[in-house]
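K.L.:
If you read the protein sequences in the order shown, they are chains E and F.
Per numbering that gives the first Met the number 0, residue 0 is the first one in the first sequence, and the count goes up by one each step.
Per numbering that gives the first Met the number 0, residue 0 is the first one in the second sequence, and the count goes up by one each step.
By construction, the Cβ of each residue, glycine as well, lies at the ideal position given by its N, Cα and C atoms.
What you are looking at is a predicted structure, and each value in this text was computed from that prediction instead of being measured.
There are 2 protein chains.
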Amino acid sequence: MIFRLNPSSGIPLYLQLMEQVKHAVETGALGEGDQLPTIRSMAEELVMNPNTVVRAYRELEREGVIELRHGSGAFLKASSESRARVIRKAQMAMESMIERLLHQGLTEDELRRVFANELAKAEEKRVVAAGTERTR
Amino acid sequence: MIFRLNPSSGIPLYLQLMEQVKHAVETGALGEGDQLPTIRSMAEELVMNPNTVVRAYRELEREGVIELRHGSGAFLKASSESRARVIRKAQMAMESMIERLLHQGLTEDELRRVFANELAKAEEKRVVAAGTERTR
DNA sequence: TGTAGTGTGTCGGTAAACTAGTACACTTTA
DNA sequence: TAAAGTGTACTAGTTTACCGACACACTACA
Chain E
0 MIFRLNPSSG IPLYLQLMEQ VKHAVETGAL GEGDQLPTIR SMAEELVMNP
50 NTVVRAYREL EREGVIELRH GSGAFLKASS ESRARVIRKA QMAMESMIER
100 LLHQGLTEDE LRRVFANELA KAEEKRVVAA GTERTR
Chain F
0 MIFRLNPSSG IPLYLQLMEQ VKHAVETGAL GEGDQLPTIR SMAEELVMNP
50 NTVVRAYREL EREGVIELRH GSGAFLKASS ESRARVIRKA QMAMESMIER
100 LLHQGLTEDE LRRVFANELA KAEEKRVVAA GTERTR
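1) For the alpha helix (DSSP H) containing I38 (chain E), name the first residue and the last one.
2) Just reading off the alpha helix (DSSP H) that A83 (chain E) is part of, what are its end residues?
3) Let me know the secondary structure DSSP gives E132 (chain E) once reduced to three states.
4) Counting only Cβ-Cβ distances shorter than 7 Å, please list the residues of the stretch 39-61 of chain F near chain E, keeping chain order.
5) Counting C-beta neighbours from all protein chains within 10 Å, is the total for R84 (chain E) 16 or more, i.e. buried, or is it exposed?
6) Contact check, E18 (chain F) vs K76 (chain F) under 8 Å by CB: the rounded distance?
7) Cβ of G9 (chain E) within 8 Å of Cβ of L110 (chain F)?
8) Under 8 Å between C-beta atoms, does A28 (chain E) make it to chain F?
9) Kindly say whether V85 (chain E), judged by its beta-carbon, lies nearer than 8 Å to any beta-carbon of chain F.
10) Using only the alpha-carbon positions, how far apart do L12 (chain F) and N5 (chain E) sit?
11) Using a Cβ-Cβ distance under 8 Å, would I65 (chain E) count as near chain F?
12) Are the stretch 58-67 of chain E and the stretch 97-108 of chain E in contact at 8 Å, needing three or more beta carbon pairs?
13) How would you write the range of the alpha helix (DSSP H) that A23 (chain E) sits in, first residue to last?
14) Could you work out which residues of chain F lie near K21 (chain E), taking near to mean beta carbons separated by less than 8 Å?
15) Quick one, which of E:Q34, E:H22, E:E44 and E:K120 has its alpha-carbon nearest R112 (chain F)'s?
16) Pick helix, strand or coil for F74 (chain F), following the three-state DSSP scheme.
17) Hey, could you find the ends of the beta strand (DSSP E) R3 (chain E) is sitting in?
18) Note the first and the last residue of the continuous alpha helix (DSSP H) segment covering L35 (chain F).
19) Below 8 Å on the Cβ atoms is my guess for D33 (chain F) versus F74 (chain F); work out the distance and round it to an integer in Å.
20) List, in order along the chain, the chain E residues whose C-beta lies closer than 7 Å to that of E117 (chain F)?
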């Protein structure tokens, strides 16, 4: 299984690892009861400090995603129904859009900023719509 | 002009501000010679420390995006030809895709992770393709 | 069945990075 | 020329990442 980190992005490494684990769950790559890579092997694979992996695993446990067992390992907790189907459709749609936009000359950085801003706008719209609903 | 920050994302605030400024340039909202909001007004608007704004502005200056003039302000430097047209097309395409995927039941977090991973994969593909070109 | 070795998570301390607070210095304006 | 506006610099606190040792669980062997 592939976990991806970008050490030069400025985003804290432990947050990136948390996102990767959650994504693996969402796509069905990891399921209930599965064991996560050990702290030391994940650290080696991603070239980061074991304690940083611990930090990510601790947060994931606090959020109820995994369970840490001293001396045994880190395991996926039961989650609600798999979202893999809808996630995979989104992946395919996103992949083709990204290919197209990169082909049209956008850079990865430009694309990243466009996405972040459009998503922020969509979130704001939803918040406004929810507020409007409430005041009816 | 709207700059957006998400203080709870874990991403350093100064990096987020840098991204917002670059995005404003890309979309044409800011152009050569324009003055950026002052350090204090940007800090107030975004509810962050003036020194954090300084940190972002300093990095942007180091990258050649803006120019800081002691006692006068922060100004946009000349850039290559505006990318606004291609960026706007990307914004529209991205906006409609995001609306559609959110409507299909994805959460913002899931969407963010899908995008980050598909972009990382696309980057890897391009690196591999470039390497293959070189070895010919 | 007990013990040693291996595997795996936990903990405390330190350095670097990020953020905030406050005072100083340059430029512009009235 | 003084006041207001704007960037610069220093210090302190918090967060992130790393380093090394400790403790629990599992496995193999006598």
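P.N.:
Per the coordinate set shown:
1) It spans I38 to L45 - the alpha helix (DSSP H) in which I38 (chain E) sits, taken as one unbroken run.
2) Membership of A83 (chain E) in the alpha helix (DSSP H) is indicated by the continuous run A83 to H102.
3) E132 (chain E) falls in the helix class under three-state DSSP.
4) Listed by position, the residues of the stretch 39-61 of chain F near chain E (Cβ gap below 7 Å) amount to none.
5) Around the C-beta of R84 (chain E), fewer than 16 other C-beta atoms lie within 10 Å, and the residue is accordingly described as exposed.
6) Not a contact, Cβ separation roughly 17 Å.
7) Not a contact, by the Cβ cut-off of 8 Å.
8) No, its Cβ sits nowhere closer than 8 Å to a Cβ of chain F.
9) So yes, V85 (chain E) belongs to the interface.
10) Distance between the alpha carbons of L12 (chain F) and N5 (chain E): 18 Å.
11) For I65 (chain E), the answer is no, since every Cβ of chain F falls outside 8 Å of its Cβ.
12) Too few Cβ pairs lie closer than 8 Å, so no.
13) Element bounds for A23 (chain E): L12 to E25.
14) The contacting residues are D108 and R112.
15) Looking at the Cα atoms, E:H22 is the closest of the given residues.
16) The answer is strand: DSSP assigns F74 (chain F) an E or B state.
17) Bounds of any beta strand (DSSP E) do not take in R3 (chain E), whose DSSP letter is neither H nor E.
18) Boundaries cannot be given for L35 (chain F), as no alpha helix (DSSP H) includes it and DSSP labels it neither H nor E.
19) That belief holds up - the Cβ atoms of D33 (chain F) and F74 (chain F) are roughly 7 Å apart, short of 8 Å.
20) Within 7 Å Cβ-Cβ: Q90, M93, E94 and I97.
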